[in-house]
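Engineer: Chains as they are written, first to last, in my numbering: chain A, 2 to 418; chain B, 463 to 530.
Note that CB positions come from ideal geometry on N, CA and C, so glycine has one too.
Bear in mind that the values here come from a model prediction, so they are computed numbers and not experimental data.
Before anything else, here's the structure in question.
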């Protein structure tokens, strides 16, 4: 039985989080919601929507009250009915994902991989990132002038980088891409149905089998890659299991597939839609780091994070009951006028800019330093290579997912005509 | 003063509360009520640990400064 929680039965906005208008432009609706009630119970979504900046930070910091163990809860509440068996691969693997664990498991896993993604460690990849960007641009030039920013550029870049970091053969990228897309549908909560869960389950099973094989090969023949490093840690007895190695590889591959891709694509879109800011960036290239932070804030790749109330807890004056699910809408927090002046304006020189696009607290994005390395190089290379870059079609197709802000494609032409 | 040749600074405006520093060097770093890290006075923490905290900070908020 559910403990009664502080849900207001009021004239709350009826909000369909997967409706087309909301997927296309969520910001006006989120602004209205934040103003109405920054912590709001939605009957329609059957959970809490947190849209105020202070409340979002409080929610992300409340590790004791609001669990990230989405999978335990998720499988229990939703997938079980769709026939996902106890001990399914999805459950086993995802329950060990860094993003979906609480302390102390999270602390242990995070410490093991954090160093590899520190700003200092990723800085050594700069030259390699530039070479990958250059070679992608070269391929685009051969086929141009029209191309898809995502398929031809912002997708292959982070995939190549993370595959190389981990030590996964680059020629297997297409396989990984397919599996990753299957899993993504569940992680980012696209419309739910049995078929998709079955596909996610199949995709993840295949990915796990594949990675088991890679791990075994590295065990016999260690290289200087991250998989070999994790194996070494395991063999030194630092309490990392083989399953945790595999799970960590899947989240790193997955993380390297989706978010950086969308950061770069959404940044390109924002610049193409704001020609004055593009001219400003052309004239003042030193603004690139703050521009990247602004793209993260303005229309970043992540809409929100999911939490489950573990215990009775208070947020923004509301009582949240154990078992309630909570959507922490960073998209909304990043446009909170209490924190950001003129929040709906794209200002590539914005300062200060304490956006929460990478989250806040112990789950602050592990890959943030890598994204902050890749995105500026990618954007600068693209803009310098194609100064006439413009949109081919103003109609944009956004993916219908709850947690990610991702375009299906971003068709552009290098021909300024 | 012990360890006077090494100072550690923390840019609180950059801190996003990952708590990496306080986990690596709890004697040197604490987390305040707002979730932001701070440097404890007179911590006497080894330079190696301070550098580890500096290197592992995901937002580059920590700097170990050598006087000589």
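Could you tell me the distance, in whole angstroms, from the CA atom of residue 43(A) to the CA atom of residue 326(A)?
Structural biologist: 10 Å
Engineer: If contacts are defined as beta-carbon pairs under 8 Å, then residue 208(A) and residue 228(A) qualify, I think. What distance do you get, rounded to the angstrom?
Structural biologist: At roughly 14 Å, the Cβ-Cβ gap does not stay under 8 Å, so residue 208(A) and residue 228(A) are not in contact.
Engineer: Along the stretch 484-512 of chain B, what residues have a CB closer than 9 Å to any CB found in chain A?
Structural biologist: 485, 486, 496 and 497
Engineer: Return the CA-CA distance between residue 290(A) and residue 351(A), expressed in angstroms with no decimal places.
Structural biologist: 11 Å
Engineer: Measuring only the C-alpha atoms, how far is residue 204(A) from residue 183(A)?
Structural biologist: 6 Å
Engineer: With which residues is residue 49(A) paired in a DSSP beta bridge?
Structural biologist: 42(A) and 327(A), per the DSSP bridge assignment.
Engineer: Counting only Cβ-Cβ distances shorter than 9 Å, please list the residues of the stretch 108-130 of chain A near chain B, keeping chain order.
Structural biologist: 108, 111, 112, 115, 116, 118, 119, 120, 121 and 122
Engineer: For residue 137(A), which residues from the same chain have a beta carbon less than 8 Å from its beta carbon, with the 5 sequence-adjacent residues on both sides left out?
Structural biologist: Hits under 8 Å: 153, 154, 157 and 158.
Engineer: Whole alpha helix (DSSP H) runs in the stretch 255-324 of chain A with 4 or more residues, listed along the chain?
Structural biologist: Taking only runs of at least 4 residues, the alpha helix (DSSP H) segments lying wholly in the stretch 255-324 of chain A are 276-284 and 289-300.
Engineer: So with CB distances below 8 Å, who are the chain B contacts of residue 353(A)?
Structural biologist: 475
Engineer: What number of angstroms, rounded off, separates the C-alpha of residue 397(A) from the C-alpha of residue 387(A)?
Structural biologist: Approximately 21 Å, taken between the alpha carbons.
Engineer: Hey, does residue 481(B) have any beta-carbon neighbour from chain A nearer than 8 Å?
Structural biologist: Cβ-Cβ to chain A under 8 Å: yes for residue 481(B).
Engineer: Take the Cβ of residue 1(A) as the centre, count every other Cβ of all protein chains shown within 10 Å, and call the residue buried at 16 or more, exposed below.
Structural biologist: The structure shown does not extend to residue 1(A), since chain A is modelled only from 2 through 418, so no value can be given for it.
Engineer: Between the alpha carbons of residue 261(A) and residue 375(A), how many angstroms are there, rounded?
Structural biologist: 8 Å
Engineer: Under a CB-based cut-off of 8 Å, is residue 365(A) close to chain B?
Structural biologist: yes
Engineer: Using CA coordinates, which residue listed in 51(A), 19(A), 62(A) and 123(A) is at the minimum distance from residue 365(A)?
Structural biologist: 62(A)
Engineer: Could you tell me whether the Cβ of residue 62(A) comes closer than 8 Å to any Cβ of chain B?
Structural biologist: yes
Engineer: Quick check: the Cα distance between residue 348(A) and residue 206(A), rounded to an integer number of angstroms?
Structural biologist: 44 Å
Engineer: Kindly indicate which three-state DSSP category residue 17(A) falls into: helix, strand or coil?
Structural biologist: coil
Engineer: Ordered along the chain, which non-local residues of its own chain (more than five positions away) have a Cβ less than 7 Å from that of residue 476(B)?
Structural biologist: 521, 522 and 523
Engineer: Tell me which same chain residues have a C-beta within less than 6 Å of the C-beta of residue 231(A), skipping the five on either side of it?
Structural biologist: 246
Engineer: Indicate the three-state DSSP secondary structure (helix, strand or coil) for residue 147(A) in the structure shown.
Structural biologist: Strand.
Engineer: Using a Cβ-Cβ cut-off of 8 Å (strictly less than) and excluding sequence neighbours within five positions of residue 361(A), which residues of its own chain qualify?
Structural biologist: 57, 58, 61 and 62
Engineer: Have a look at the DSSP bridge pairing and note the partners of residue 492(B).
Structural biologist: Under the DSSP definition of a beta bridge, residue 492(B) partners with 500(B).
Engineer: Going by the DSSP bridge assignment, what does residue 391(A) pair with across the sheet?
Structural biologist: 414(A)
Engineer: Is the beta carbon of residue 169(A) closer than 8 Å to that of residue 95(A)?
Structural biologist: no
Engineer: For residue 359(A), which residues in chain B fall below 9 Å Cβ to Cβ?
Structural biologist: 478, 520 and 521
Engineer: Interface residues of chain B around residue 152(A) at Cβ under 8 Å?
Structural biologist: Chain B residues near residue 152(A): none, gap ~30 Å exceeds 8 Å.
Engineer: Okay, do the stretch 486-499 of chain B and the stretch 327-337 of chain A touch, 3+ Cβ pairs below 8 Å being the bar?
Structural biologist: The stretch 486-499 of chain B makes no contact with the stretch 327-337 of chain A; the number of CB pairs closer than 8 Å stays below 3.
Engineer: So which residues on chain B does residue 159(A) lean against when the C-beta distance must stay under 7 Å?
Structural biologist: Chain B residues near residue 159(A): none, gap ~17 Å exceeds 7 Å.
Engineer: Alpha carbon to alpha carbon, what distance is there between residue 271(A) and residue 135(A)?
Structural biologist: 22 Å
Engineer: With 8 Å set as the bound, which would you pick, yes or no: does the beta-carbon of residue 223(A) sit closer than that to a beta-carbon of chain B?
Structural biologist: no
Engineer: Please identify the residue among 518(B), 519(B) and 512(B) whose C-alpha is closest to the C-alpha of residue 528(B).
Structural biologist: When each option's Cα is compared against that of residue 528(B), the closest is 512(B).
Engineer: Taking 8 Å as the threshold (C-beta atoms), are residue 390(A) and residue 384(A) in contact?
Structural biologist: yes
Engineer: List the residues of chain B whose Cβ lies closer than 8 Å to the Cβ of residue 369(A), in chain order.
Structural biologist: 520 and 521
Engineer: Go to residue 528(B), then tell me how far its beta strand (DSSP E) extends in each direction, as first and last residue.
Structural biologist: Unbroken beta strand (DSSP E) run through residue 528(B): 524-528.
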